[in-house]
Structures are given as C-alpha cells and as structure tokens.
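Asker: In our numbering, the protein residues as written are 17 to 396. Here a beta-carbon is modelled for each residue, glycine too, at the ideal position from N, C-alpha and C.
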C-alpha cells in the first residue's frame, strides 16, 4: 500500500513516543514540560507538514482515473459515511458540552471527528482479514475523513490573528511556483517542496492558519502517474514518478516525526481526566459508528451508491474501528486548546479512544463478524 503503508508502518514509533511521553509527564512533569515546549513548534508546525502531505498525496491519487474516489457513484457512500462519521461525534460532543454547562469545551467540537487511519486499519484488518470489502470501505472513509479534517483545521482553528490577504497572496505565489515547475517538467520533488512549499508555509504561518497544512495546496502540482492503481495496490511502491519518490524519500523521516509527535503531545497527567475526556470518548465511540451507519445506508436508500458484501453487523464493527482518534485527534486538541486543563482533558480522551479497538473486537465476537464468523451466523 502506498502512503497508507507509510502511515501504517509509523504506528509503532508513534505508540512508543506516546507511551514515553505519558510516562515522562507523570514521573518528571517539570522536565517534560520544558522539553515539550522547546520542541512543540518544530514538530507540530514543521515536521507534521510532511505527515499531512502524505495524507494529501493519498487524496489526490484517489481522485485520478482508476482511483477509489474517481467515480461519483463509487465515491458517494464513503464520502457520505465520512461526513456522518464527523457529524455524529461533533453533535454528541457539542450536545454534552451544552447540556452539562461546559460551554468552554465547545471549541473542541472537532476533536472526536478524527479517524486514525493507521490504527483503525490495523484493527479492522485483524478482524476482517485482507480480502473483506469492509477494508477498502474503511480506508476510503478514512481518506475522505482526512480531507474533511484538513478543511476543518484550516477553517476553524487559526493559530493567531487571521490575515487573509497575506495568506491568499503567499499561497497563490507558492502554487504558481509549483505550477511553473510542473510546466517545465521538473522531475525532482525538492524544488516543489523548497520553492512553492516554503512560500506556502510562510503564507499559512503569516495568515494565521496552521502551517502544518502548507504542502496540501502544493501536492497536486508534483508530477505523478496519470492513473491510480487502486487503494490496496502493492505495485505502487515500484513507481518512480516524482510524487511517489516524495513518499519513498519521506518514509523514514516521517517515522521519526511521528515518534516525536507522540512524545511531545501525548504527555498528560493521569489525573487530567475530566468532562472533556468523556465528551471526546462519547463522541467517538457512540457518534462515529452511528453517523457512519446512518449516512451510509441513507446513501444506499437514495440510490447514490451501494455497499457490496458489507452487512449491518460489519458496518457496526467498522464504525467502532473508525472511532480510534489518536493522532489527528491529538493534533485537533492542541489546535483547539493551546494549553491548560481543557487541553489535558481532551488529549486524555484522544488517548483513551484506543479503547474503541476493544469495543470493535468485542462487537465482532458477539455478532460473529470476520474471523469470528465461523462459530454461528451473526444475528444482524
């Protein structure tokens, strides 16, 4: 698998970094806070540029001829499922915040909207196996979720005073640089990153938007193959067009970046559990499966698309697997609450969303889904 494989392969480093950060923050909080503060900008605003660039690469390739999102009918169900999987958690989180009088938590409404593509995939793959239709459906859903998440991050979580004029001018200049490079058939990805990408990064930073998104408008200009081989195509790793070379080169650096992202962002005190923790968890574990199922079957009912080989029981398990927020949820938490108790509470909710993996496995066992299907038929 292309960029998905890169992100999946980084899961271990991310987990180790998060675990180390959690232990460090609870044993020597003073030194941890100093370390995390020193590296926060470098990791979150510079290093994560390349993580989100890989996500953007996957989105761009999925829209090419042969790609999973190239056909409107093929894309309709996963796109609507992703929308439902974001709307459900946001509604539950917001409703709980208002109902309990915790209005200050409302700014974090997007935190439970995230799906961690790497860990959700690993859980679903273990339950269903590689050949089940639920696997590509989940990956399509997660790709669409990433795309919507990038829009939310840019639109709702500015990093400072918004300066739309500077943002628009500098990002357009960055895109023009990338466009000229493409027209001249520049076959190295470096000029795109160091030329157009750097100007775009300055534009996001100066404009008050999150600079981690700086390469998203540049990625579509990097030369690539004309057709996508499919979301699960192993042959993609043998392609040597500039866009795939970008992915191949950044494989190992992104592993290190995600290790430090986990280390710097996951360190919260175990006493940080509060209302925000439970609101994030409820949004993910209840809202994510409900929203995915509701809009998926709504799309099928409206004849916008179809779900082949995915039963209601499978859909429920997919929803629970997709409820693992972690990486992007942590990122949204730091964007919504730069510091303080609310940040710690919501970060803890993102970390505890790993519990949804256990819920997915338990649901698969009860409903006899995937590897548990042999014992007796599922009631759904």
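Check the C-beta distance from residue 385 over to residue 329 and give it rounded, since I have them as a contact under 8 angstroms.
Answerer: That pair is a contact at about 5 angstroms.
Asker: Rounded to whole angstroms, how far is the Cβ of residue 162 from the Cβ of residue 97, which I believe are closer than 8 angstroms?
Answerer: Going by Cβ atoms, the distance from residue 162 to residue 97 rounds to 13 angstroms, so no, they are not a contact pair.
Asker: Report all residues from its chain with a CB closer than 6 angstroms to the CB of residue 218; omit the five preceding and five following residues, and keep chain order.
Answerer: These residues qualify, in order along the chain: 186.
Asker: Would you identify the three-state DSSP class for residue 251, choosing helix, strand or coil?
Answerer: Note that residue 251 scores a pLDDT of 49, beneath 50, so its modelled location is shaky and nothing firm can be said.
Asker: Taking the Cβ atom as the reference point for each residue, do residue 157 and residue 94 lie within a distance shorter than 8 angstroms?
Answerer: Yes.
Asker: Pairing CB atoms from the segment 355 to 371 with CB atoms from the segment 280 to 296, are three or more of them under 8 angstroms?
Answerer: Yes: the two stretches touch, three or more of their Cβ pairs being nearer than 8 angstroms.
Asker: In this structure, how does DSSP classify residue 343 when only helix, strand and coil are distinguished?
Answerer: It is helical.
Asker: Closer than 6 angstroms by C-beta to residue 308: which residues in its own chain qualify, once you throw out the five before and the five after it? Chain order, please.
Answerer: Closer than 6 angstroms at Cβ, skipping near neighbours: 97, 100, 101, 335.
Asker: Pick out whichever of 66, 174, 36 has its Cα sitting closest to the Cα of residue 267.
Answerer: Nearest option by C-alpha distance: 66.
Asker: Given this structure, state the Cα-to-Cα distance separating residue 359 from residue 135, to the nearest angstrom.
Answerer: Rounded to whole angstroms, residue 359 to residue 135 spans 22 angstroms at the Cα level.
Asker: Is it true that the segment 219 to 237 meets the segment 189 to 204, where meeting means three or more beta-carbon pairs spaced less than 8 angstroms apart?
Answerer: A contact exists between the segment 219 to 237 and the segment 189 to 204.
Asker: When you compare each of 34, 321, 356 to residue 90 by their alpha carbons, which one comes out closest?
Answerer: If we check each option's Cα against that of residue 90, 321 comes out closest.
Asker: For residue 337 versus residue 154, is the C-beta spacing smaller than 8 angstroms?
Answerer: Cβ distance < 8 angstroms, so residue 337 and residue 154 count as in contact.
Asker: Taking the alpha helix (DSSP H) that residue 172 belongs to, which residues open and close that run?
Answerer: Segment 150 to 172, the alpha helix (DSSP H) holding residue 172.
Asker: Rank 231, 207, 288, 78 by C-alpha distance to the C-alpha of residue 170 and give the top, closest one.
Answerer: Among 231, 207, 288, 78, the Cα nearest to that of residue 170 belongs to 231.
Asker: Pick from 125, 241, 180, 356: whose alpha carbon is nearest that of residue 296?
Answerer: Nearest C-alpha to residue 296: 125.
Asker: I need the straight-line Cα distance from residue 301 to residue 314, nearest angstrom please.
Answerer: Rounded to the nearest angstrom, the two C-alpha atoms are 20 angstroms apart.
Asker: Taking C-beta to C-beta, are residue 369 and residue 339 nearer than 8 angstroms?
Answerer: Yes. Within cutoff.
Asker: If we ignore side chains and look at the alpha-carbon of each, how far apart do residue 29 and residue 44 end up?
Answerer: Whole-angstrom Cα-Cα distance: 22 angstroms.
Asker: Would you call residue 147 buried or exposed, if buried means 16 or more other Cβ atoms sit within 10 Å of its Cβ?
Answerer: When all chains shown are included, residue 147 counts as exposed.
Asker: If distances are taken between C-alpha atoms only, which option among 256, 176, 172 comes closest to residue 4?
Answerer: The displayed coordinates of the chain run from 17 to 396. Any statement about residue 4 would go beyond what the structure contains.
Asker: Quick check on this structure: which residue in 312, 294, 319 has the alpha carbon closest to the alpha carbon of residue 111?
Answerer: Residue 111 has its Cα closest to that of 294, out of 312, 294, 319.
Asker: With a cut-off of 8 angstroms on the beta carbons, I'd call residue 159 and residue 74 a contact; round off their distance for me.
Answerer: About 6 angstroms separates the two Cβ atoms, so the contact holds.
Asker: Once you ignore the five residues that flank residue 35 on each side, which residues in its own chain have a CB closer than 7 angstroms to its CB?
Answerer: Taken in chain order, the list of residues that qualify is empty.
Asker: Please report the residue range of the alpha helix (DSSP H) in which residue 309 lies.
Answerer: 304 to 317 is the extent of the alpha helix (DSSP H) around residue 309.
Asker: Ignoring anything shorter than 4 residues or poking outside the segment 31 to 65, list the alpha helix (DSSP H) runs there in chain order.
Answerer: Fully enclosed alpha helix (DSSP H) runs of 4 or longer: 45 to 57.
Asker: For residue 132, is the classification buried or exposed, using 16 other Cβ atoms within 10 angstroms of its Cβ as the cut-off for buried?
Answerer: Buried, since its Cβ has 16 or more Cβ neighbours within 10 Å.
Asker: Does DSSP classify residue 354 as helix, strand or coil?
Answerer: In the structure shown, residue 354 sits in coil (DSSP, three-state: anything other than H, G, I, E or B).
Asker: Rounded to the nearest angstrom, what separates residue 128 and residue 52 at their Cα positions?
Answerer: The straight-line gap from Cα to Cα measures roughly 23 angstroms.
Asker: Using only alpha-carbon positions, find the residue among 206, 212, 144, 227 that is nearest to residue 325.
Answerer: Closest option to residue 325, Cα to Cα, is 144.
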